[in-house]
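Participant:
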Amino acid sequence: MIRFILLRLLRWLPGVLLLLLIVYALMFYGGGDPIQIMFSREATDLFQPGNPRYEALKDKMGLNRPFLVQFGDYVWKAAQGDLGLSLADGRPVMESISAAFPITLSIALAATAIIALVGIPLGVIAALNQNHWPDNLILGGALFFWGIPTFVIAPLLMVLLCLQFPILPVPHGWTGVFTVNAIIPLTVAAIRPMAIVIRQARSAVLDVLSEDYIRTARAKGLPEWVTITKHALRPVLTPVVTQMGVVMTNLLAGSLLLEIVFGIPGIGRLIRDGILNNDYSLLLGCVLVVLTMVTLTNLLVDISYPLLDPRLKQAQRGDV
Amino acid sequence: MGEILLDVKDLKTRFRSRGSLVHAVNGVSFHVNRGETLGVVGESGCGKSVTMLSLLRLLPPAAQVESGRALFEGQDLLKMNFGQIQKVRGGKIGLIFQDPMTSFNPVLTIGDQVGESLIYHRRASKEVALKRTVELLRLVGIPDPEQRIKDYPHQFSGGMRQRAMIAMALACEPGLIIADEPTTALDVTIQAQIVELVKDLRDRLGVAIIWITHDLSLVAGLADRIMVMYAGTIVEEATVEELFDDPRHPYTLGLLSALPAFQAEKNVRRLASIPGSPPIYANRPLLAHFSCAVLSPWNVASQNYPHYSRSPLEKMPAIARPVL
Numbered sequence: 001m002i003r004f005i006l007l008r009l010l011r012w013l014p015g016v017l018l019l020l021l022i023v024y025a026l027m028f029y030g031g032g033d034p035i036q037i038m039f040s041r042e043a044t045d046l047f048q049p050g051n052p053r054y055e056a057l058k059d060k061m062g063l064n065r066p067f068l069v070q071f072g073d074y075v076w077k078a079a080q081g082d083l084g085l086s087l088a089d090g091r092p093v094m095e096s097i098s099a100a101f102p103i104t105l106s107i108a109l110a111a112t113a114i115i116a117l118v119g120i121p122l123g124v125i126a127a128l129n130q131n132h133w134p135d136n137l138i139l140g141g142a143l144f145f146w147g148i149p150t151f152v153i154a155p156l157l158m159v160l161l162c163l164q165f166p167i168l169p170v171p172h173g174w175t176g177v178f179t180v181n182a183i184i185p186l187t188v189a190a191i192r193p194m195a196i197v198i199r200q201a202r203s204a205v206l207d208v209l210s211e212d213y214i215r216t217a218r219a220k221g222l223p224e225w226v227t228i229t230k231h232a233l234r235p236v237l238t239p240v241v242t243q244m245g246v247v248m249t250n251l252l253a254g255s256l257l258l259e260i261v262f263g264i265p266g267i268g269r270l271i272r273d274g275i276l277n278n279d280y281s282l283l284l285g286c287v288l289v290v291l292t293m294v295t296l297t298n299l300l301v302d303i304s305y306p307l308l309d310p311r312l313k314q315a316q317r318g319d320v
Numbered sequence: 321m322g323e324i325l326l327d328v329k330d331l332k333t334r335f336r337s338r339g340s341l342v343h344a345v346n347g348v349s350f351h352v353n354r355g356e357t358l359g360v361v362g363e364s365g366c367g368k369s370v371t372m373l374s375l376l377r378l379l380p381p382a383a384q385v386e387s388g389r390a391l392f393e394g395q396d397l398l399k400m401n402f403g404q405i406q407k408v409r410g411g412k413i414g415l416i417f418q419d420p421m422t423s424f425n426p427v428l429t430i431g432d433q434v435g436e437s438l439i440y441h442r443r444a445s446k447e448v449a450l451k452r453t454v455e456l457l458r459l460v461g462i463p464d465p466e467q468r469i470k471d472y473p474h475q476f477s478g479g480m481r482q483r484a485m486i487a488m489a490l491a492c493e494p495g496l497i498i499a500d501e502p503t504t505a506l507d508v509t510i511q512a513q514i515v516e517l518v519k520d521l522r523d524r525l526g527v528a529i530i531w532i533t534h535d536l537s538l539v540a541g542l543a544d545r546i547m548v549m550y551a552g553t554i555v556e557e558a559t560v561e562e563l564f565d566d567p568r569h570p571y572t573l574g575l576l577s578a579l580p581a582f583q584a585e586k587n588v589r590r591l592a593s594i595p596g597s598p599p600i601y602a603n604r605p606l607l608a609h610f611s612c613a614v615l616s617p618w619n620v621a622s623q624n625y626p627h628y629s630r631s632p633l634e635k636m637p638a639i640a641r642p643v644l
């Protein structure tokens with residue numbers, strides 16, 4: 001198992017390096033002059049090209065070195081946990097990220113839990129009532145919410161629940177998962193991915209129900225609930241867990257709109273700040289963190305497979 | 321023998337398919353005696369499996385039993401409520417399916433599946449069920465059953481899985497086992513082993529068997545009686561000797577002459593086949609199915625078959641005249 005995890009991480013490395021290289025190159029050639037960005041607020045021509053202080057600073061920061069050397073230096077330092085200083089405010093990038101990341105992670109985890117606990121049962125219920133009204137209701141609802149973008153449903157919910165029927169306070173900032181403040185953001189975060197999970201769970205259950213081994217279970221005269229819970233639901237978990245992994249990575253990387261709308265100081269906000277301020281050391285740091293999380297999520301999904309489906313045990317013992 | 325265990329009368333099953341009705345089983349009547357082995361032979365799609373699935377009401381949702389009666393130990397299987405039929409399934413009638421690869425749940429161990437029915441039919445504890453599973457697996461010739469119950473189906477070979485399937489059908493000591501082409505998915509040597517095993521178990525346990533197959537030669541060494549089905553009806557029903565010595569229906573003769581052994585006797589070079597393909601059963605029930613025109617000796621003479629049952633006890637439905 002340890003060997004499997006190590007191999008998986010080793011395989012992840014080239015991909016991360018390549019992506020970092022691409023982002024780094026984009027920023028290097030298209031992001032503008034970092035020194036000018038750093039001092040853009042100071043109305044002075046001290047830090048314009050040609051000025052000796054400008055050249056001195058550029059030398060000091062190592063910006064005169066060739067591209068690949070700079071990139072290598074960045075990777076080397078990143079491997080040691082140093083993501084450099086933010087160009088916009090001069091704070092270490094690592095600091096900003098370690099403040100923002102737990103928030104994004106807790107939102108992602110909470111939303112994933114909600115999706116799993118609500119979405120999977122709804123999908124199963126829909127499948128067991130195929131083409132009857134519960135199925136139509138659940139699928140219709142899922143499609144409806146899937147069709148509403150985050151930036152529409154978020155203000156809509158706020159108007160509805162905070163202004164029209166003032167049962168919740170207006171959410172702003174982040175005070176933790178288990179607070180009233182978090183109800184609306186988490187609902188918004190969960191509701192669209194949940195639609196996908198419902199559909200996935202439904203079709204997985206329908207697939208499994210048409211399998212021969214379900215007929216075998218019925219031919220044994222087992223009570224229907226045993227057939228469903230023991231024989232049908234376990235095989236369903238494999239595709240559903242795969243889907244949950246995708247949902248989780250999306251939540252980790254893509255809660256940009258959510259964090260902007262609700263003013264949540266998470267990774268999404270940092271990414272936005274990085275883009276708006278041309279702050280490429282911050283942006284690169286965020287990209288690296290998101291990539292790491294996505295990989296770890298995928299790794300978790302991969303590790304869970306043999307627990308869900310014993311046929312995959314041999315595949316993992318080796319070095320597939 | 322003698323005591324009737326299962327008595328099916330005029331069973332009709334329909335499938336709904338794209339707005340039309342497909343008449344899969346058209347008035348099938350047969351019986352099985354206690355401890356008897358009945359072979360059911362016919363080509364793919366002739367309604368063999370659907371007939372048996374109809375009896376246990378395991379049909380897919382699109383299919384429906386239209387009429388008929390199936391007395392099993394005096395009770396009509398087709399009129400039972402859900403709870404009653406569940407007691408019969410696995411408890412009094414065991415089923416063996418065609419494909420041992422897909423008929424086991426891949427994520428549960430063999431031990432979890434083989435003795436499972438005991439827990440629900442006999443209220444056995446998990447330990448008792450597991451102990452019985454070990455006995456059953458030993459009975460069907462699986463070596464080292466104490467270890468193998470911890471294995472998953474994919475760790476079993478095809479033949480072993482079919483043995484485990486037989487053990488599963490035997491778990492609650494049913495009076496009748498319906499084996500739906502149990503050897504079709506296996507290679508020939510394994511087929512022979514499975515047939516031997518079933519013979520042995522039948523003699524030891526005295527269980528009645530309905531053995532569905534399309535291999536006439538396979539069932540010849542196993543069955544007491546053979547029922548030939550075509551297009552959802554029984555075209556001929558006879559003891560094995562009668563059927564092989566004196567086939568009455570042209571379709572039976574077609575099946576017989578397609579046997580390689582039969583041909584070797586007659587020094588025929590080419591393997592015979594039955595011309596044409598089975599009829600499409602949509603829209604109207606076909607009463608006259610097998611056109612005798614396709615088989616030469618009956619070309620003209622036998623346009624009107626009475627019925628083909630030789631046992632005076634049987635009241636077979638008269639088969640209408642073939643369409644030409």
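From first to last, the protein sequence lines are chains A and B.
Residue numbers 1 to 320, in our numbering, belong to the letters of the first sequence in order.
Residue numbers 321 to 644, in our numbering, belong to the letters of the second sequence in order.
We treat Cβ as the ideally placed atom computed from N, Cα and C, and that holds for glycine.
This structure is a prediction, so every number in the text was calculated from the model and none was measured.
#1: Along the chain, where does the alpha helix (DSSP H) that runs through B/C543 open and close?
#2: Return the Cβ separation of B/A487 and B/L517 in integer angstroms, given the expectation that the two are a contact with Cβ distance under 8 Å.
#3: Taking CB distances under 9 Å as the criterion, tell me whether B/M488 reaches chain A.
#4: Taking just the CA atoms, how far does B/E556 sit from B/Q623?
#5: Contact criterion: CB-CB distance below 9 Å. Does A/D309 meet it with respect to chain B?
#6: Whose C-beta lies closer than 6 Å to the C-beta of B/V620 among residues of the same chain, with five residues either side of it excluded?
#7: Should B/G410 be flagged as near chain A, meaning a C-beta pair shorter than 9 Å?
#8: Between A/Y213 and chain B, is there a C-beta pair that is closer than 9 Å?
#9: Below 7 Å CB to CB, which residues in the same chain sit around A/A189 once its five sequence neighbours on both sides are set aside?
#10: Please report how far the alpha carbon of A/T179 lies from the alpha carbon of A/L57, in whole angstroms.
#11: Measuring only the C-alpha atoms, how far is A/A79 from A/N277?
#12: Thinking just about the alpha-carbon of each residue, which of B/L575, B/D535, B/L521 is nearest to the one in B/I529?
#13: Could you tell me which chain B residues have their CB closer than 8 Å to the CB of A/P223, listed as they occur along the chain?
#14: Using only CA atoms, which one of A/L237, A/S281, A/D302, A/L209 lies nearest to A/N129?
#15: Quick check: the segment 534–545 of chain B against the segment 565–582 of chain B, are at least 3 beta-carbon pairs closer than 8 Å?
#16: Here's the rule I'm using: 16 or more other beta-carbon atoms within 10 Å means buried, otherwise exposed. How should B/A491 be labelled?
#17: Against chain A, with Cβ distances strictly below 9 Å, would B/L415 count as a contact?
#18: List the residues of chain A that B/P426 touches, going by C-beta distances under 8 Å, in chain order.
#19: What's the C-alpha gap between B/F476 and B/R409?
#20: If the cut is a Cβ gap below 7 Å, which residues of chain B does A/A219 touch?
#21: Kindly say whether A/K230, judged by its beta-carbon, lies nearer than 9 Å to any beta-carbon of chain B.
#22: Any idea what DSSP makes of B/F335, helix, strand or coil?
#23: Secondary structure at A/R269, three-state DSSP: helix, strand or coil?
#24: Terminal residues of the continuous alpha helix (DSSP H) containing A/Q200?
#25: Please determine, among A/L288, A/V16, A/L299, the residue with the shortest C-alpha to C-alpha distance to A/M248.
#26: Just to confirm my understanding: we take A/L63, look at its own chain, exclude 5 residues before and 5 after, and list those with CB closer than 8 Å. What are they?
#27: Rounded to a whole number of angstroms, what is the C-alpha to C-alpha distance between B/L563 and A/R218?
#28: Quick check: is the beta carbon of A/T104 nearer than 9 Å to any beta carbon in chain B?
#29: Which first and last residues belong to the beta strand (DSSP E) in which B/G299 is found?
#30: Within the 9 Å Cβ cut-off, does B/Q395 reach chain A?
#31: How many Å lie between A/L9 and A/Y280 at the Cα?
Facilitator: Reading off the structure:
#1: Taking the first residue of the second sequence as 1, we reach residue 543 of chain B at position 223. Before going on, a small fix: residue 543 of chain B reads as Ala here, not Cys. Note, B/A543: premise wrong, no alpha helix (DSSP H); not H, not E.
#2: Locating residue 487 of chain B in the second sequence gives position 167, counting from the first residue. Locating residue 517 of chain B in the second sequence gives position 197, counting from the first residue. Actually they do not touch by this definition, with Cβ atoms about 10 Å apart.
#3: Residue numbering aside, residue 488 of chain B sits at position 168 when the second sequence is read from its first letter. By this cut-off, B/M488 is an interface position.
#4: The sequence position of residue 623 of chain B within the second sequence is 303, counting from 1. The sequence position of residue 556 of chain B within the second sequence is 236, counting from 1. Note that B/Q623 scores a pLDDT of 40, beneath 50, so its modelled location is shaky and nothing firm can be said.
#5: By one-based count along the first sequence, residue 309 of chain A stands at place 309. It does; some Cβ of chain B falls within 9 Å.
#6: Along the second sequence, one-based indexing puts residue 620 of chain B at 300. In this predicted model, B/V620 has a pLDDT of only 32, less than 50, meaning its place in the structure is not dependable enough to derive any value.
#7: As a position in the second sequence, residue 410 of chain B is number 90, starting the count at 1. Yes, B/G410 lies at the interface with chain A (some Cβ there is under 9 Å from its Cβ).
#8: Stepping through the first sequence from its first residue, residue 213 of chain A is reached at position 213. At least one chain B Cβ lies under 9 Å of A/Y213.
#9: Taking the first residue of the first sequence as 1, we reach residue 189 of chain A at position 189. The answer, listed in chain order, is I107, A111, L251, S255, L258.
#10: In the first sequence, the residue the question calls residue 179 of chain A occupies position 179. In the first sequence, the residue the question calls residue 57 of chain A occupies position 57. A/T179 and A/L57: Cα-Cα distance of roughly 47 Å.
#11: Counting from 1 along the first sequence, the entry for residue 79 of chain A is found at position 79. Counting from 1 along the first sequence, the entry for residue 277 of chain A is found at position 277. Rounded to whole angstroms, A/A79 to A/N277 spans 25 Å at the Cα level.
#12: Within the second sequence, the letter at position 209 stands for residue 529 of chain B. Of the listed residues, the one whose Cα sits closest to B/I529 is B/L521.
#13: Walking along the first sequence from the start, residue 223 of chain A turns up at place 223. Residues of chain B passing the Cβ test: Q406, Y440.
#14: Mapped onto the first sequence, residue 129 of chain A falls at position 129. Of the listed residues, the one whose Cα sits closest to A/N129 is A/L209.
#15: yes
#16: The residue you call residue 491 of chain B lines up with position 171 of the second sequence. Classification for B/A491: buried.
#17: Taking the second sequence and counting its residues from 1, one reaches residue 415 of chain B at position 95. Yes, because at least one Cβ of chain A sits closer than 9 Å to the Cβ of B/L415.
#18: The sequence position of residue 426 of chain B within the second sequence is 106, counting from 1. Within 8 Å Cβ-Cβ: Y213, P235, D309, P310, R311.
#19: Here residue 476 of chain B is taken as the residue at index 156 of the second sequence, counted from 1. Here residue 409 of chain B is taken as the residue at index 89 of the second sequence, counted from 1. Near 25 Å, if we compare the C-alpha coordinates of B/R409 and B/F476.
#20: For the purposes of this step, residue 219 of chain A is taken as residue 219 along the first sequence, with counting starting at 1. Per Cβ cutoff of 7 Å: L376, L378, R409, G410, L415.
#21: In the first sequence, counting from the first residue as 1, residue 230 of chain A sits at position 230. Yes, its Cβ sits closer than 9 Å to a Cβ of chain B.
#22: The sequence position of residue 335 of chain B within the second sequence is 15, counting from 1. In the structure shown, B/F335 sits in a strand (DSSP, three-state: E or B).
#23: Mapped onto the first sequence, residue 269 of chain A falls at position 269. Residue state, collapsed to three classes: helix.
#24: As a position in the first sequence, residue 200 of chain A is number 200, starting the count at 1. 183–209 is the extent of the alpha helix (DSSP H) around A/Q200.
#25: Sequence index remark: in the first sequence, residue 248 of chain A carries index 248 (1-based). It is A/L299.
#26: Taking the first residue of the first sequence as 1, we reach residue 63 of chain A at position 63. Cβ within range, chain order: P34, I35, Q70.
#27: Here the question's residue 563 of chain B lines up with position 243 in the second sequence. Here the question's residue 218 of chain A lines up with position 218 in the first sequence. Going from the Cα of B/L563 to the Cα of A/R218 covers about 35 Å.
#28: Along the first sequence, one-based indexing puts residue 104 of chain A at 104. So, not an interface residue.
#29: In the structure displayed, chain B extends from 321 to 644; residue 299 of chain B sits before or after that span and is not available.
#30: Sequence index remark: in the second sequence, residue 395 of chain B carries index 75 (1-based). Answer no: the Cβ-Cβ gap between B/Q395 and chain A never drops below 9 Å.
#31: Start at 1 with the first residue of the first sequence, and residue 9 of chain A comes out as number 9. Start at 1 with the first residue of the first sequence, and residue 280 of chain A comes out as number 280. One C-alpha to the other measures close to 26 Å.
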